[in-house]
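**Student:** Numbering (this note's numbering), first residue to last: 3 to 453.
Note that beta-carbon positions come from the ideal geometry of N, C-alpha and C, so glycine has one too.
Quick one: the structure is below, questions incoming.
Pasting the structure below:
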């Protein structure tokens, strides 16, 4: 892989190459990507989607939106620091093609901003709830009518693949979705493969999958245009990662490790004594003892240590990337950057404590259980109504259910797989609160004024 090709400004539908040297620096294409994402309705919905605590009304707990904004800030720093080193190593990128170090930051920031845009309500349990509706719920009846790869898309529903659909999916008059540059899409694509074959490998890029069968033609076009390295046998689609995808992943890893932990402390799920012990292990070389001793509140002490920890992890991730840049470009780096971090043991200790004290807390488990019931009920009602309408057998109840679909989701879908995926996509874009409200209405629990 080569950086000029990887930093492609091309967008879906372009018939000619966009040259960086001809770009208006006041309205750079990579920065336009960020703007389009942040103004999208799918991004706005993240303000009411679970990060750690589902349906939490506690104002200092992170939502998917605040998490995504923070990941984008960390991603921008990672991109700029790496970009500075890359431009120094390959000066022709600036001298001949006009690229700047900030271009790397803009790409990683935009991809990081979008990294959770396809996640369903109720956190990762939302993905599992959709998958289990098909694998062991009422959706099992559709299995024999789909191809193996189509079926795998549904039973292993993946927020990353759904995010690619959000960013690129066309509808009448809106060709190419948000029309994001190929470089930003490449950085977004942490798992550039299809849902099958699902074989265990040591390559981090194979951990999950990154696109649905409905999107594979365009996905392949993006990957091949940027020169990503194919790594699958003939008949299957899979590629080595775009190098900047490693930075997006690192930004997310850094934020959820440290900031989810901070949420757990603020909620009282992790004691301050534990927290200080774990965080100080990360920042012992950088801590200003005099400044720290002046901080009087738990919130200020934790905030100070959190900032230092994130800074240390950013610098370490940049160092790992630059040391392995040539291997990454050759498609020979099957690890996450944090796997090679000198702080890996400390990060693992924090994650283990977070799992024990936060992710497995009673409040989280109770609300994830509720989320399962909500998502599976909504899927069944809307899928049944949508299919009955297509087959000409819709009841009056089905018609009423379909009136709850927003106008932009009233699309004709010619085959069963596309209809099923369409409803999964609709449910996935609901906020936690919207999903709960719809569920209560469908089950007759929502108070309705009859007058």
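In the DSSP assignment, find the alpha helix (DSSP H) that holds residue 92 and state where it starts and stops.
**Tutor:** By 1-based counting over the chain shown, the position of residue 92 is 90. First-last for residue 92: undefined, no H or E at that position.
**Student:** May I have the straight-line CA-CA distance separating residue 380 from residue 330, to the nearest angstrom?
**Tutor:** Working through the chain shown from its first residue, we reach residue 380 at position 378. Working through the chain shown from its first residue, we reach residue 330 at position 328. Each residue's Cα considered, the two are about 42 Å apart.
**Student:** At 4 residues or longer, and completely inside the segment 360–397: list those alpha helix (DSSP H) runs for me, N to C.
**Tutor:** Taking only runs of at least 4 residues, the alpha helix (DSSP H) segments lying wholly in the segment 360–397 are 364–393.
**Student:** Classify residue 430 as helix, strand or coil using the three-state DSSP reduction.
**Tutor:** In the chain shown, the residue the question calls residue 430 occupies position 428. Helix, per DSSP.
**Student:** Bridge partners for residue 195 per DSSP, in chain order?
**Tutor:** Mapped onto the chain shown, residue 195 falls at position 193. Partner(s): 240.
**Student:** What distance in whole Å lies between the Cβ atoms of residue 259 and residue 352, which are believed to be in contact at a cut-off of 8 Å?
**Tutor:** As a first step, residue 352 must be located in the chain shown, where it is residue number 350. As a first step, residue 259 must be located in the chain shown, where it is residue number 257. About 6 Å separates the two Cβ atoms, so the contact holds.
**Student:** Quick one: grab the DSSP three-state call for residue 176.
**Tutor:** As a first step, residue 176 is located in the chain shown; it is residue number 174 there, counting from the start. Of the three classes helix, strand and coil, the one that applies to residue 176 here is strand, per DSSP.
**Student:** Who are the near neighbours of residue 356 in its chain, counting only those whose CB is closer than 7 Å to its CB and skipping five residues on each side?
**Tutor:** Counting from one through the chain shown, the residue named residue 356 turns up at place 354. Once the five neighbours on either side are set aside, the close Cβ partners of residue 356 are 262, 263, 266.
**Student:** Taking the continuous alpha helix (DSSP H) assigned at residue 328, which residues delimit it?
**Tutor:** Numbered from its first residue, the chain shown carries residue 328 at position 326. Element bounds for residue 328: 327–331.
**Student:** Any idea what DSSP makes of residue 232, helix, strand or coil?
**Tutor:** Indexing the chain shown from 1 puts residue 232 at position 230. Of the three classes helix, strand and coil, the one that applies to residue 232 here is strand, per DSSP.
**Student:** So, using beta-carbon positions, are residue 163 and residue 420 closer together than 8 Å?
**Tutor:** Position 161 of the chain shown holds residue 163. Position 418 of the chain shown holds residue 420. Not a contact, by the Cβ cut-off of 8 Å.
**Student:** Consult DSSP for residue 170 and reduce its assignment to one of helix, strand or coil.
**Tutor:** The count along the chain shown starts at 1 and reaches residue 170 at position 168. Three-state DSSP puts residue 170 in a helix.
**Student:** Whole-angstrom Cβ separation of residue 246 and residue 189, contact assumed at under 8 Å?
**Tutor:** For this step, residue 246 is matched to residue 244 along the chain shown. For this step, residue 189 is matched to residue 187 along the chain shown. 4 Å between Cβ atoms; contact.
**Student:** How should residue 121 be labelled, buried or exposed, when 16 other C-beta atoms within 10 angstroms of its C-beta is the threshold for buried?
**Tutor:** Counting from one through the chain shown, the residue named residue 121 turns up at place 119. Counting Cβ neighbours within 10 Å, residue 121 comes out buried, since at least 16 surround it.
**Student:** Would you mind working out which of 64, 423, 320 sits nearest residue 125, comparing C-alpha positions?
**Tutor:** Within the chain shown, numbered from 1, the residue matching residue 125 stands at position 123. Nearest C-alpha to residue 125: 64.
**Student:** Beta carbon of residue 248, beta carbon of residue 339: below 8 Å?
**Tutor:** Counted from its first residue, the chain shown places residue 248 at position 246. Counted from its first residue, the chain shown places residue 339 at position 337. Yes, the Cβ-Cβ distance between residue 248 and residue 339 is below 8 Å.
**Student:** Hey, would you say residue 42 sits closer than 8 Å to residue 183, going by beta carbons?
**Tutor:** Within the chain shown, residue 42 is the residue found at index 40, counting from 1. Within the chain shown, residue 183 is the residue found at index 181, counting from 1. It is not a contact, given that the beta carbons lie outside the stated cut-off.
**Student:** For residue 301 versus residue 268, is the C-beta spacing smaller than 8 Å?
**Tutor:** Locating residue 301 in the chain shown gives position 299, where the first residue counts as 1. Locating residue 268 in the chain shown gives position 266, where the first residue counts as 1. Taking 8 Å as the Cβ cut-off, residue 301 and residue 268 qualify as a contacting pair.
**Student:** Within 8 Å, do at least three Cβ pairs link the segment 270–285 to the segment 83–101?
**Tutor:** Counting Cβ pairs under 8 Å, fewer than three are found: no touch.
**Student:** What is the DSSP secondary structure of residue 68, reduced to helix, strand or coil?
**Tutor:** Here the question's residue 68 lines up with position 66 in the chain shown. Helix.
**Student:** May I ask you to list the residues that DSSP assigns as paired with residue 149?
**Tutor:** Mapped onto the chain shown, residue 149 falls at position 147. None; residue 149 has no bridge partner.
**Student:** Short check: CB of residue 112 to CB of residue 39, under 8 Å?
**Tutor:** On the chain shown, position 110 is the one that residue 112 refers to. On the chain shown, position 37 is the one that residue 39 refers to. Cβ distance < 8 Å, so residue 112 and residue 39 count as in contact.
**Student:** For residue 433, I'd like the list of residues in its chain whose CB is within less than 7 Å of its CB, leaving aside the five on either flank, ordered along the chain.
**Tutor:** Translated into positions along the chain shown, residue 433 becomes position 431. Within the same chain, residue 433 has close Cβ partners 47, 50, 51, 123.
**Student:** Relative to the alpha-carbon of residue 370, which residue among 12, 53, 29, 17 has its alpha-carbon at the smallest distance?
**Tutor:** Counting from 1 along the chain shown, the entry for residue 370 is found at position 368. Taking only the C-alpha atoms, the option nearest residue 370 is 53.
**Student:** Exposed or buried, residue 191, counting other C-beta atoms within 10 Å across all chains shown (16 or more means buried)?
**Tutor:** The sequence position of residue 191 within the chain shown is 189, counting from 1. Counting Cβ neighbours within 10 Å, residue 191 comes out buried, since at least 16 surround it.
**Student:** For residue 427, I'd like the list of residues in its chain whose CB is within less than 7 Å of its CB, leaving aside the five on either flank, ordered along the chain.
**Tutor:** Position 425 of the chain shown holds residue 427. Closer than 7 Å at Cβ, skipping near neighbours: 164, 167.
**Student:** Please report the straight-line C-alpha distance between residue 96 and residue 32, rounded to a whole angstrom.
**Tutor:** Taking the chain shown and counting its residues from 1, the one referred to as residue 96 is at position 94. Taking the chain shown and counting its residues from 1, the one referred to as residue 32 is at position 30. So the two alpha carbons sit approximately 16 Å from each other.
**Student:** Excluding the 5 residues flanking residue 173 on each side, which residues of the same chain have their C-beta closer than 7 Å to its C-beta?
**Tutor:** Position 171 of the chain shown, counting from 1, holds the residue named residue 173. Result list for residue 173: 410, 413, in chain order.
**Student:** Taking the beta carbon of residue 285 as the centre, do at least 16 other beta carbons fall within 10 Å, making it buried, or is it exposed?
**Tutor:** Position 283 of the chain shown, counting from 1, holds the residue named residue 285. The residue is buried, with at least 16 neighbouring Cβ atoms inside 10 Å.
**Student:** How would you call residue 37, buried or exposed, if buried means at least 16 neighbouring beta carbons within 10 angstroms?
**Tutor:** As a working mapping, residue 37 is identified with position 35 in the chain shown. With fewer than 16 other Cβ atoms within 10 Å, it is exposed.
**Student:** Straight-line CA distance for residue 241 to residue 179?
**Tutor:** Locating residue 241 in the chain shown gives position 239, counting from the first residue. Locating residue 179 in the chain shown gives position 177, counting from the first residue. Their backbone Cα atoms lie some 23 Å apart in a straight line.
**Student:** Contact check, residue 363 vs residue 271 under 8 Å by CB: the rounded distance?
**Tutor:** As a first step, residue 363 is located in the chain shown; it is residue number 361 there, counting from the start. As a first step, residue 271 is located in the chain shown; it is residue number 269 there, counting from the start. Residue 363 to residue 271, Cβ: 5 Å. Contact.
**Student:** Using CA atoms only, rank isn't needed, just tell me which of 227, 210, 171, 108 is closest to residue 17.
**Tutor:** Position 15 of the chain shown, counted from the start, is the residue given in the question as residue 17. For residue 17, the nearest C-alpha among the options comes from 227.
**Student:** How would you label residue 402, buried or exposed, when you count the other beta carbons within 10 angstroms and need 16 or more for buried?
**Tutor:** Against the chain shown, residue 402 aligns to sequence position 400. Classification of residue 402: exposed, given that the 10 Å Cβ count is below 16.
**Student:** Classify residue 467: buried if its beta carbon has 16 or more other beta carbons within 10 angstroms, exposed otherwise.
**Tutor:** A query on residue 467 cannot be resolved here, the shown segment of the chain reaching from 3 to 453 and no further.
**Student:** Tell me whether residue 186 sits in a helix, a strand or coil according to DSSP, three-state version.
**Tutor:** For the purposes of this step, residue 186 is taken as the residue at position 184 of the chain shown. Looking at residue 186 - three-state DSSP - the assignment turns out to be helix.
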